[in-house]
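Residue numbers (our numbering): 421 to 565.
To keep things clear, I will list the structure first and then write my remarks on it.
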């Protein structure tokens, strides 16, 4: 392995986190796709009579699960997904917090969702090899121009 690439230990950590996130995404996303009212209701969030958006969100979580599964298999190839996750979860938390702060009372489940998103984003930020990112092309055997 290239000296500039992440250590074997870091790669194993990325692989483990991706596996954990894939498994949890498949469970939660599948539940949200099949029974969106039940899934969101379990967190104290009421879903309207037409739960199209919550079901679509379940599909998005399933898509995340697939990306995490690929990251568990090929951690270097799918590192960029961790960057995406940091950005996506950060903006989702900002949007969710802005809505929850305007609600009276805000559902506890909403804060639990924000906590889950924050956990995923922070975990991705912590395991990502930020100090080595400039040499990523070399890890693949290709050099950027």
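Ideal placement from N, C-alpha and C gives every residue a C-beta, glycine not left out.
Would you kindly work out how many angstroms separate the C-alpha atoms of residue 460 and residue 467, rounded to a whole number?
7 Å
Report back the beta-carbon spacing between residue 572 and residue 449 to the nearest angstrom; my notes put them in contact at under 8 Å.
Any property of residue 572 remains undetermined from this structure, which presents the chain solely from 421 to 565.
Beta-carbon within less than 6 Å of residue 532's beta-carbon, same chain only, minus the 5 sequence neighbours each way: which residues are those?
463
Distance between residue 505 and residue 470 (C-alpha atoms, nearest Å)
28 Å
Neighbourhood of residue 487 by C-beta distance below 6 Å, restricted to the same chain and skipping five residues each side
501
Please report the Cβ distance between residue 434 and residue 485, rounded to the nearest whole angstrom; I am assuming they are in contact, meaning their Cβ atoms lie under 8 Å.
So it is not a contact: roughly 16 Å between Cβ atoms.
Where are the alpha helix (DSSP H) runs, 4 residues long or more, that stay fully inside the segment 502–557, in chain order?
528–547
Would you identify the three-state DSSP class for residue 464, choosing helix, strand or coil?
coil
Should residue 425 and residue 537 be called a contact, given that it needs their Cβ atoms to be closer than 8 Å?
no
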